Every structure is written in C-alpha cells, then in structure tokens.
Amino acid sequence: MEASFEPKIIALVCNWCTYTAADLAGTSRLKYPANVRLVRLMCTGMIDVKYVIKALLDGADGVFIGGCHPGDCHYINGNLKARKRIQGVGSILESFGFEPQRLALRWIGASEGPEFAHHMTEFVNTIMQLGPNPSKARMIL
Amino acid sequence: MKAETEAKLQAEILESEPGRAILTCIQCGTCSGSCPLAEAMDHGPRAVFAMIRDGQVEAALASNTAWYCVSCYQCMVQCPQQIPITDIMYLLKQMSLDRGLAPGDNKMPDLYAAFERQVRLFGKVSEALLMADYGLKHPLDVMASTPAAVKLLARGRLHLLPRKIAAAQRLRALLEAAGQKERAS
Amino acid sequence: MIYGFFPGCAYQAAAGYKESVDAVCGLLGIELREIEDWNCCGATAAFSRSQKEALVLTGRLFALAARQGFEEIVTVCNACYSTLKKAAKLLDGQPALLEQVNRVMAAEGLLLEHPLPVKHLLEVMLRDRSRLSWPRGECRLPEQVKVAAYYGCQLTRPWQDVPRALRPDILESLLEAAGIEAVDHSARTLCCGASHAVAYSGRCQVLIDRIINGIRAKGGNLVTTVCPLCQFNLDQGQQGRAGDKVPVTYFTQVLGLAFGLPPEKLGLKKLLVPLKRIGL
Amino acid sequence: MNKEIPRIGVYVCHCGMNIAPRVDVEQVAEFASRLDHVVVARDYKFMCSNPGQELIVEDIKAHNLNRVVVASCSPRMHEATFRKACRKAGLSPYNFQMANIREQASWVTDDSRLATAKAKDLVAAAVGRVAFHRPLQTRRVEVNKSVLVIGGGIAGIQAAISAADAGYKVYLVEREPSIGGHMAKFDKTFPTLDCAACIMTPKMVIAGQHENIELLTYSEVVGLEGFVGNYKARILKKPRYVDEDKCTGCGTCMEKCPTRRVPSGFEEGLAFRPAIYSPFPQAVPKTPVIDAEHCRLLAKNKRCGVCAKFCEADAIDFDQKPQYLDLTVGAVIVATGFAAFDPSSMVQYGYGIYPEVYTSLQFERLNNATGPTAGQIVMKNGQVPRKVAIIHCVGSRDRNHLPYCSRVCCMYSLKFAHLVREKTGAEVWSFYIDMRSPGKLYEEFYNRVQAEGVHAVRGKVAMVTDIVDDPGRGSLTVVAENTLTGRNLRLPVDMVILSVGLQPAEGAGEVARMAGISADGDGWFTELHAKLAPVNTPTAGIFLAGCCQGPKDIPDTVAQAMAAAGQATALLAAGTVETRAEISSIDPDICSGCKSCLQVCPYNAIYFDEGRQVAVVNDALCQGCGSCSATCPSSAAAVAQFNDSQVMAEIDAILA
C-alpha cells in the first residue's frame, strides 16, 4: 500500500506565468512526477479558497498554486492577492484535519521551465512523505 | 578489457561531485591559459578534460597535469562554465594514487608522502625534517637548497627538532581509522 | 579582543612573522589565543592524497576550536586559510562527509556540529578596526619606502570573501589605515609556485621573477606578504638575482614599522634580502 | 442551469509520434467514450490538420454535438484553431475545451502507464468542465489608429517609418537627446563593410521629417495601461532647456559653453563635450540639450547663461520643467535595444586599469571618421599600434556574467580585425572560443579576413597584464592557451580590444512591467512563440522589435522591426478588435452590495449602482482577472469560462 502510493495533486496555475512554464518544461522534455494535474486559470488572483478545500475534501493529496513572480502579474497584483488569501488557509486546513504542507504557493515565471519541473518534484516529494490524504482513510473507515 | 576499465574510470570521474561538471566544458582554454605551471604539464587541464570525455582516462590519470597543479585556483575563478577545476585536480590526484597510476617522473607524490609521514609522526610539520625525508629520494633538490638552509639556520628560521603535538599518537590513530593505510610511495 | 588562533606549522620558523604579529597585536589589543593542541591542517598535500584524511585533520581543528568556545578561526597563512575553507565548504555542503568525520573523531571524544568561519588576521584587523586601539600617530615608515602588497593566490581565490579575487585591495586598505600608500601593481595575486618550489625550483623561479619584475616596474621597493610560503619563496627566490633585490616582509612587520614599533621587536633581521637595501 | 443536455465529442490527437506511443491514445479515447454526456470519442493522427478539423465539423453536424473537447497540445498552441473549427460548424467557439496531454503528459513522463493515466484525468477534467460551458457574447470595439514606438535605435526608427508609411500616426519615444541608438556610433557594418552613417543618417532624417511621425526625444514612457486597440501612455518630456520650436541647430551655444570637460557618453568616454550639447553632428533633432548636472548655472547656481547670451533665436529657456504627455494609441512597439556589457568587472582583462584596453564601442568611435581621432586607429599617445589583440566573448558565454552567446561579437570582431589591418597594417591576433558566422555572406567574410593575415587563435584569453617579459615589445601581455596546439602564449601587444557582449538595456525591466510583458532569466523580453509569433507578446497589441528580445545583428533587427510594424498596422487596419469574452459579471439578484469587489478590482472596472444597490462590471474595462470573483462573499461575481461550476467540475472530474 505505502510503496504504491501515487499521490494525486491539483495544481491551480495562472495562464501567463506558471502554465507557460509548464509548457516550456514540456517542450524542453523535462521529466517530473506524473502525479500533477494542472487546472489552468487566468490568474492566481481568481483562486477561491473553496477550490483548495474542495480539492482536499474530494481526496486530492496536495494542492499546488503557481503564479507569476511579484511585480510580474499580468493583472498588476492578482498574485499578491492570492498570497494574502492563502496565508489564512493553513489554520482552516488544520481544522479539517489536513496538514498545512498539503498546500503550497510558489512563483514560477513564464521562462522558468526547469524551475517548474523542480517545484513539481519537490512538492510531490513532500506529499509522498506526508502520505495519502487523511480524508481518504476516514472515508474507508 | 582495457576499454571496460576506461569506461569505469570515466564513470567514476563524471559521476563524482566535482567531476560531473566536466560534461559542460566548452574547451575554451581559460584554465590552461591561466595556469602558472601549464608549460610543465603533459597536457593543460582543458586537454585533460577532453581526454576524459574521449575515454583516454588512464592516460589522463597517468599524466603529470594534476601533480603540477599548484592549487592557486585561478582557473576555477575564471572558468566561464564554473567548473571546479582545482577540485577536479585533487580528485585526479587521489584516483591516480589509489590506482597506482601516479606518474613516476613527478616529484610531488614523494613530497606529499613525506609531508603525510610528518603529520602522522608528529601531528605537525617541520621544514627541516620534511626536507630530510624528501631528500632521501631527491637529494639534488635538497642540496640545491643547502646554501639557503644555512642562511635560514643562521637567522633562526630552520627548526631541526620536531614539535610534536600532545595528541600525536591519537591523531595518527584517527588518520588510520579514516580508512587510509599509509601508502607506499 | 580575543580570537581563536590557528598559527599553522610554518608560522613559528617564518622570518619574524611571529615576532611582528605578537608586537602589532599587542599594540592593537588583539589577543590571539592558540587552539590548544592544534595539528597541521594538511595543506595541499593531504587533499592531494586522501580527502578523508584531509577532512579528519581539518575536522579535528574545527572541533577543538569549537570545544574551546571560539566562534571563528583566525589564520596567518594562505595555505591554512584555504585548506580550512575548502574543508568547511565540503563539510557544510555534504552532511555525509561530516558524519564520516565525526565517526572517526569519536575515538578522541570530539564532535563537530558545523565548521567555524575562517578568517585571515588581515581581514579581522580591517573588519574590527574600530574596536581596536589603532594608533593615531603619523606613519613612521620613511617616504622612500614604496610598499607593494602581495596576496598570493589562496587568500582571495576561490572563496569570494575578499572582493575582486584577481586584483584585491583589502591589504592596500589596511596599509592605508596605517598611513602607507601602496604601489599600484598587477602582480598581487600571481602564484609564487607554493610548495612546488621545493621540487621544481627552476619552474617556480620564472613565476617569482615575474612577480618581482612586475613590482619593480611599478616602483615598488618593498614587498609585503600575508603568508609564510609566499614570503619564503619571494625572499629565497631572489638569492640568484643581481642588484635589484627587493626585501620581502610580512604585513605585520610593515605595520609595526609604520606604527613606530622598535625594529628589533619585529624580527626584521631574519629576512634574507636585508632591509638595509632600502635604507632601513 | 443548462437548458440543453450536453452532447460532447472528444478527439484525442496522436500528434504524430509526440503523444501516441507514450500515451495510449486509443485507450484514452475509449475511456472518454464512457464519460457522462460523451456522444462520440475518437483518436486521430493530427487533429490540427485539415482532415482532423473536418472530422470535428462533420461530427458536430452528424451527431448534433453541442460541446467539443480536443486532447492534444497546449491551448496556447491550437485553441484558436479548434475554436475556429467549432464556429465553422455553427457551434459557439466557447463550447470548446482543450486537454493538454502533450506538454503535460507525453513529453514530461517516461512511464507510459502513468502518462496514459494522467491523460485520462486531463480529458475527464475537460469533459467535466465543458458541460458547463455556454456560448459567450463579444463585441467589437474601435481601434485607435496610432502606434507608440518605445526606443529610437535602428529597430524603433525602422518600425516607426514602416508604420508611418502605411498611413498611421506614430509616436517615437527616445530617452536620449537624439534618435540613432548604437548604430549611430558605428562606422562600418559587417559583412559588406558599408558605411553605417550612409545608411543610418537618411533613416534618421526620414523619421525626423515624416509627416506621420512625432518624435519625442529626451522623453521616457512612464505609464502604460489599457488594452489592445486602446492603450493609454504617459510620456515624460525631460526639460531640454532649449525650445525646440525656436532652435535653429546652429551650434553656437555648444561652442561658447564654458564647461568643456564632461565625458561624452556618445564617444564612450574617449572625448569631452560641453554642458549644452548635441550628442553627435548628425543628431535628429538637432536641438541640443543642457545637461543640468554639469551646467554652471543649473547645477552650481553660478552666474553664467553664456549660451543664452549667444543664442540669436532666443531658444534657451532655463525655466523649462518636466512635462507629461498623455497619448492614446492602438498598438505599442517595444524597441528598447541593448546595453553593452561593462567589462570592468572582468578584472583579468584590465579594462579601466590599463589605458590601451578598449571596449568594442570605444573602438567603433576610434575608427569613426567623426570620432575623437577622426577615424585614426591610434593609441592614447598618438602612435599607431604595431600589434593588436582582439578578445572575443568578453562577458558572453560566461556563467559568471552573461551565460548566452551575444551573437554579433564574432562578426564585429572580424570587422575590427579587417579595419586594423587595413588602416594600420598592425599585426592582429583575434582570440575566439568558437568562430560563429551564421548569416548570409558571413562565413565568406571570415575567410576574407583570414586571408588578410589575421592570426585567429582558438582560446579564450586568460589574462591581460602590464607585466611584460620584454619591455621593448608592447606595453601589455596577453596570456592564453592556443587550444589547437595545446601551447600557452604570452603575447606582447600595444592595444587590446574587448569584444563585449550584449545585455538588456538599462530600465528594460521597468518597461516590461508597464507593458505587461515578461522577460527571460537574462532579462530579454519573451516573444509569444519562438517560431510562430516572434514579434508578438502575450499581451495583444504589444509587439517587439530588435535587441530587446535578444541579441541580433542589424539585418535581423531591421527585418524584425518591419515585422513588428506589419503586425501593428494589420491590427490598426482591421479597425476593430473583438473584446475578450472571458470577463467578469456580477449577478444583480445575488449581489448583496457589500462593495468588496470594488476595492480589489485593479482596473476600476466595477462601479456601484446606487439605485439598485448592486455592483456592476463595466465590460469595456474588465480584463477578466477574477479578483472580484475570488473576493465576492456571496459568489455573485464570476468570470465567464472560469466560474465556480466550471472550475469545480474540472477539479471534481480529476478526483473522481
């Protein structure tokens, strides 16, 4: 069971920077764990906290949010709004029984294909160490 | 058979921490150009990297290149690919000693061995004893510096008696425990 | 101020280095407290032969210094400086190596958590100048003395602690603080050949000549160094030179002269190229 | 919510061998066929090909499909293609969704099983969300028929002329007192050795006199907002202290100015200029500027005003203040160019330490007929050098400085080698790592210069020093390995030329931020697509020309400038642009009137309707960022195509 744990990760990424970086990682044929499922949004600023909570409640093992570096947001400062909104989520997650490390926010610029691959690998490793989403176990029980 | 050895040695270098950077060498020659003793070397560091990539690894390890490295780090500071060249030279020296490939006509392995014997005996090095030990094998070098030695002695700059550290015995045990039996050189 | 001091093997016999360091540090209020029972750092020799052994030699030094409560190690020799920095970088960067060293050192009851920062006395003097009793008087070095600062290679490379690794100026800054305007020259970090001068004196003579020529061409008539091996090579390496020899001192000897300390306390008589050549 | 029942067609692309062998496309199509609402699912070799698109069109008609999903490459690549196909079949292009199973699955995963599983999830996600898609309305808005060009080097000048020739109004903004940029400093250009001034000066004059071009020199763009077709730019006109309308360009002021010794930037520090100056004789406009930092009156408050006394046109105006100009333009061409790498940080080459070490731009001036030596290649002591070293790749191809190849240095170094040989007969030693001459007639030029007796040594120079082994043979020694012989050289020379690399112009980052375009790790602006949209940016209506996008030579720069002008004028010629469909709306029935959205909207696109006590989106201003939707406590605000049900459906489907 433990050995075959293949986490499922929802990555909410902005169209302009991180999604483009993911494309670049692809065209550069960089390998990273296949556990990540990208959901393309126009800006991290449109990410509603309920998306994160819903994903975890539905069994995602981790949620990754990727946006433009501060100062580079296509919509001026949506990324900073996202960061502010996300800062308060840790305690909510804990109240639901999720480790706060299951949510990560990173800035990955449009030209940062290798960084994208790196962050995906790193986040998947973090989740592997945490183990499966506890709500799944609860459901089984 | 030889090809197999070469491939193994090559992998050992290219998979090591300093050695893997050799893969990114663009053969610009900054290292050899900046090396103070490049003229004395069989090949400059650039050429040695080319040999390693080309599979001539035994020849690279048997060359005197790394033994002429003075450890001045000029190449490493200037390398446009940020290859840790000096660190790689140390690796090549260690590997050539381990494999018995160190060039017989270079005197540095003897000097370093004499140095190590000093450290093992006393925990410290005194120049006079070091020279005496090294001079057993290379008397000409020591004789050439005799006039200077006399001058130095006259000025109180040559210490003939060993200054042993208190824990010399224990230090020696540590060094042996580090897994390296003293090499015959 | 008290500093953890690693003198290194060559220091004791070096031409007046110890005398001048003692005299100048005494004046400035620097107390160099030796790391008890220190051993040789291994220099280039140990790393050339075995990384494991080299790390045990240096690891023991760090562990002793830490156990004696020091927060940094002060050296007066480029080779010691460089070897300790190299070891610190390896031990810091690769936890497996640190663990290996600790396993071996356990036999002597030593444990190293992390290597200490390594500084040259020159850096420390410059950094802590405002907290030292730096003399305010005029520079006592006669005007005809044109000092050329010589760093050698391993102080500035490749550690990037000293700015402008290929043409540094911290020694010039220190000399300036003592009222000495150093000669601007291009031989500052050219390599003197280091220990290769023992086995390959001919090869290294070329390097030494180039350094001395470069300094002379810019009007320098006194070299000041920060490392026993540099001093020895440049001093000894001029023995075959005809009339244009340049005395080679330690930076503490020049500082001592500038501060007006009595020359006999600075070990100046031990130099092979005598200072009387420039009227001192 | 949806009146109609979704009927979805799913198309899984093989992309030749790019997706197919790694992702089991047949299995993915079979999996898709079993998803809710999917009526038909197929796999096909190339979905973007004509037959591939026809397949969709025919299926829409035959199976009465009202939703389409294509699983292939990135939507950044082909979303527009497939939307068009949908429209062709009478389906709203917004009832379409792409699943990116190439960049995100087949190309980044070695394990076929995992890649296929991932592709299935991505297809399920697209199918899940497309069921909630609805046709969207867009409007067409007028495009302002003018262009803003930022930067007046050869790229900006050419782009401005091309757009102006097409009949559009162009504002050409340049921060220096004259247009001309780097090219105005050159004397000859490779590989043809034609005179740079002879080709550049006429272009500058055309730009200066063109009825459709308004030159704004000594000016900077300080603000840029808006959207395609309707950009608002704020221009800062720095005070020249000389009235452009009155000044006749006679030059008397410059002759009379008592401040004489300001290092000239145009002459790369090799000459001095007065405090009131025009950077070079052919400057456009001719109107000089007073450098307030060095002017005795302006900087030091001394009684001077000599220039004003001698100006017969009464054009000197010490009271000028910075002015701001607000422009509305339909398109923007960014042409901010490059800066030459400053080699002082490479201490080993002695620039700034040894007087006979020059940068390439200094050499350009040294060789230029209008330069400080009137085109004589001489040393500081006035003598002709006997031996000259040219060092390639200074700063370039060096991870300590600029990791990339600057592309033009090999060729201009060969040009220098030729000019030194031709003008002085000196021995020339050119030190290169790899000789890069990829361009029309470039290799031929290399061969020509070789034949002229230039010593080309393959080896990067390790050191330039004034420590010489034989003082009679040159004041400098160049130390390098000749890598082809394996021998070290200590070459005595009289002069060293450093062929410095190119880096983004100072302030380029600020321009990128204002224009909403991105830059790569080295600071060069990123084009929309390296091959298919090389002068476009991700921001519609903003185009790139010249070196701001990456180092390039004059032919490529001019070609790109013309391309950027072509793109900009095509946009203007269309007259209108479609507004974006993916914008926000606020449901008045749900809005509680809390005004949270008003505070977060970065475009002031939401206003409050006092009568109905609800917030309302101004769809002309909304850019669709979704700050409002994420903030709205009652979920009344939603961005079309990214509303809660669509995003949640996507997440649901992945985790199902």
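So the sequence lines, in the order shown, correspond to chains A, B, C and D. Using the working numbering, read the first sequence as starting at 62 and increasing by one per residue. Using the working numbering, read the second sequence as starting at 1202 and increasing by one per residue. Using the working numbering, read the third sequence as starting at 20 and increasing by one per residue. Using the working numbering, read the fourth sequence as starting at 23 and increasing by one per residue. Note that CB positions come from ideal geometry on N, CA and C, so glycine has one too. Remember, it's a predicted structure, so these values are computed and weren't measured experimentally.
What first and last residue would you give for the alpha helix (DSSP H) that runs through C431(D)? Residue mapping note: residue 431(D) aligns to position 409 of the fourth sequence, counting from 1. C431(D) -> alpha helix (DSSP H) spans 431-446.
What are the uninterrupted segments assigned as beta strand (DSSP E) that are 3 or more residues long and contained completely in the region 525-587 of chain D, given in chain order? 564-566
Report the rounded CA-to-CA distance for P213(D) versus K437(D), giving the unit in angstroms. The residue you call residue 213(D) lines up with position 191 of the fourth sequence. The residue you call residue 437(D) lines up with position 415 of the fourth sequence. Between P213(D) and K437(D), the C-alpha separation is close to 7 Å.
Alpha helix (DSSP H) containing I82(D): first to last residue? Here the question's residue 82(D) lines up with position 60 in the fourth sequence. Unbroken alpha helix (DSSP H) run through I82(D): 72-84.
CB contact check: T187(A) to chain D, cutoff 9 Å: Here the question's residue 187(A) lines up with position 126 in the first sequence. Chain D, which has no Cβ nearer than 9 Å to the Cβ of T187(A), makes this no.
Any idea if K409(D) is buried or exposed, counting beta-carbon neighbours within 10 angstroms, 16 or more meaning buried? In the fourth sequence, residue 409(D) corresponds to position 387, counting from 1. Classification of K409(D): buried, given that the 10 Å Cβ count is 16 or more.
When burial is assigned at 16 or more other CB atoms within 10 Å of the CB, is A1208(B) buried or exposed? Position 7 of the second sequence, counted from the first residue, corresponds to residue 1208(B). Label assigned to A1208(B): exposed.
Could you give the DSSP three-state label for N389(D): helix, strand or coil? Along the fourth sequence, one-based indexing puts residue 389(D) at 367. N389(D): coil per DSSP, three-state reduction.
Beta-carbon separation of H232(D) and A186(D) under 9 Å? To locate residue 232(D), count along the fourth sequence from 1; it is residue 210. To locate residue 186(D), count along the fourth sequence from 1; it is residue 164. Yes; because the gap between Cβ atoms is below 9 Å, this pair is in contact.
Relative to the C-alpha of L140(C), which residue among V245(C), Q250(C), L253(C) is closest? Counting from 1 along the third sequence, the entry for residue 140(C) is found at position 121. For the residues V245(C), Q250(C), L253(C), the minimum Cα distance to L140(C) belongs to V245(C).
Expected contact under 8 Å - CB spacing of S1235(B) and Q1282(B) to nearest Å: Counting from 1 along the second sequence, the entry for residue 1235(B) is found at position 34. Counting from 1 along the second sequence, the entry for residue 1282(B) is found at position 81. 14 Å between Cβ atoms; not a contact.
When the Cα of A98(C) is compared with those of K108(C), V43(C), K295(C), C28(C), which residue comes out closest? Numbered from 1 along the third sequence, position 79 holds the residue referred to as residue 98(C). The residue with the shortest Cα to Cα distance from A98(C) is C28(C).
I want to know whether the region 343-360 of chain D touches the region 568-584 of chain D - three or more CB-CB distances under 8 Å. Yes: at least three Cβ pairs fall under 8 Å.
Answer yes or no: does any C-beta atom of chain D fall closer than 9 Å to that of L117(C)? In the third sequence, residue 117(C) corresponds to position 98, counting from 1. Chain D contact via Cβ: absent.
Give every residue of the same chain whose Cβ lies closer than 6 Å to the Cβ of V40(C), excluding the five residues on either side of it in the sequence, and list them in chain order. Within the third sequence, the letter at position 21 stands for residue 40(C). These residues qualify, in order along the chain: T271.
Can you pull out the residues from the region 501-514 of chain D whose beta carbon lies closer than 7 Å to at least one beta carbon of chain B? Listed in chain order, the positions of the region 501-514 of chain D with a beta carbon within less than 7 Å of a beta carbon of chain B are V501, A502, E503, T505, G508, N510.
Please list, in chain order, all residues of the same chain as A314(D) whose beta carbon is under 8 Å from its beta carbon, the five residues on each side excluded. Your numbering for residue 314(D) matches position 292 in the fourth sequence. Closer than 8 Å at Cβ, skipping near neighbours: P261, Y263, L320, A321.
Can you tell me the Cα-Cα spacing of L47(C) and T243(C), whole angstroms? Looking up residue 47(C) in the third sequence gives position 28. Looking up residue 243(C) in the third sequence gives position 224. Distance between the alpha carbons of L47(C) and T243(C) is about 19 Å.
Considering only C-alpha positions, which residue in the set Q1370(B), G1324(B), A1355(B) is nearest to L80(C)? Position 61 of the third sequence, counted from the first residue, corresponds to residue 80(C). Of the listed residues, the one whose Cα sits closest to L80(C) is G1324(B).
Would you call C17(D) buried or exposed, if buried means 16 or more other Cβ atoms sit within 10 Å of its Cβ? Here chain D has residues from 23 to 678 only, and residue 17(D) is not among them.
Within-9 Å CB hit, S1264(B) to chain C: Taking the second sequence and counting its residues from 1, the one referred to as residue 1264(B) is at position 63. Taking Cβ atoms only, chain C never reaches closer than 9 Å to S1264(B), which makes this a no.
Consider the Cβ of K308(D): report whether some Cβ of chain A lies at a distance smaller than 9 Å. For the purposes of this step, residue 308(D) is taken as the residue at position 286 of the fourth sequence. Chain A, which has no Cβ nearer than 9 Å to the Cβ of K308(D), makes this no.
Determine, using beta-carbon pairs with one atom in the region 1259-1279 of chain B and one in the region 1288-1297 of chain B, whether at least three such pairs fall under 8 Å. yes
For M485(D), three-class secondary structure by DSSP: On the fourth sequence, residue 485(D) is found 463 positions in, with the first residue counted as 1. Three-state result, M485(D): strand.
Is A121(A) closer than 9 Å to V130(D) when the C-beta atoms are compared? Counting from 1 along the fourth sequence, the entry for residue 130(D) is found at position 108. Counting from 1 along the first sequence, the entry for residue 121(A) is found at position 60. Cβ atoms of V130(D) and A121(A): not closer than 9 Å.
Residue range of the alpha helix (DSSP H) that includes N121(C): Your numbering for residue 121(C) matches position 102 in the third sequence. Residues 114-124.
Looking only at its chain, what residues have a beta carbon closer than 6 Å to the beta carbon of R419(D), apart from the 5 residues adjacent to it on each side? On the fourth sequence, position 397 is the one that residue 419(D) refers to. So the qualifying residues of the chain are C427.
Beta-carbon spacing of W168(A), C78(A) below 9 Å: The residue given as residue 168(A) occupies position 107 in the first sequence. The residue given as residue 78(A) occupies position 17 in the first sequence. Cβ distance < 9 Å, so W168(A) and C78(A) count as in contact.
Along the alpha helix (DSSP H) that carries V181(C), what are the first and last residues, could you check? Indexing the third sequence from 1 puts residue 181(C) at position 162. Where V181(C) is concerned, there is no enclosing alpha helix (DSSP H), given that its DSSP letter is neither H nor E.
With 9 Å set as the bound, which would you pick, yes or no: does the beta-carbon of E173(A) sit closer than that to a beta-carbon of chain D? By 1-based counting over the first sequence, the position of residue 173(A) is 112. It does: the Cβ of E173(A) has a partner Cβ on chain D nearer than 9 Å.
Report yes or no: is there a C-beta of chain A within less than 9 Å of the C-beta of D267(D)? Position 245 of the fourth sequence, counting from 1, holds the residue named residue 267(D). Not closer than 9 Å to any Cβ of chain A, the Cβ of D267(D) fails to qualify, so no.
Contact list for the region 112-135 of chain D against chain A, Cβ threshold 7 Å: R124, E125, Q126, W129, V130, T131, D132, D133
For V236(D) and V171(D), I'd like the C-alpha separation in whole angstroms. On the fourth sequence, position 214 is the one that residue 236(D) refers to. On the fourth sequence, position 149 is the one that residue 171(D) refers to. With the sequence shown as reference, residue 236(D) is identified as Glu, and Val is not the correct amino acid for it. Put simply, the backbone Cα of E236(D) is about 10 Å away from that of V171(D).
One question on the structure: do N504(D) and L498(D) come within less than 9 Å of each other, judged by their Cβ atoms? Taking the fourth sequence and counting its residues from 1, the one referred to as residue 504(D) is at position 482. Taking the fourth sequence and counting its residues from 1, the one referred to as residue 498(D) is at position 476. L498(D) is positioned such that its CB atom lies no closer than 9 Å to that of N504(D).
With 9 Å as the threshold, decide whether the Cβ of G1336(B) is near any Cβ in chain F. Although the question refers to chain F, the structure presented lacks it and instead comprises the protein chains A, B, C and D.
Establish whether the CB of L74(C) and some CB of chain B are separated by less than 9 Å. On the third sequence, position 55 is the one that residue 74(C) refers to. By this cut-off, L74(C) is an interface position.
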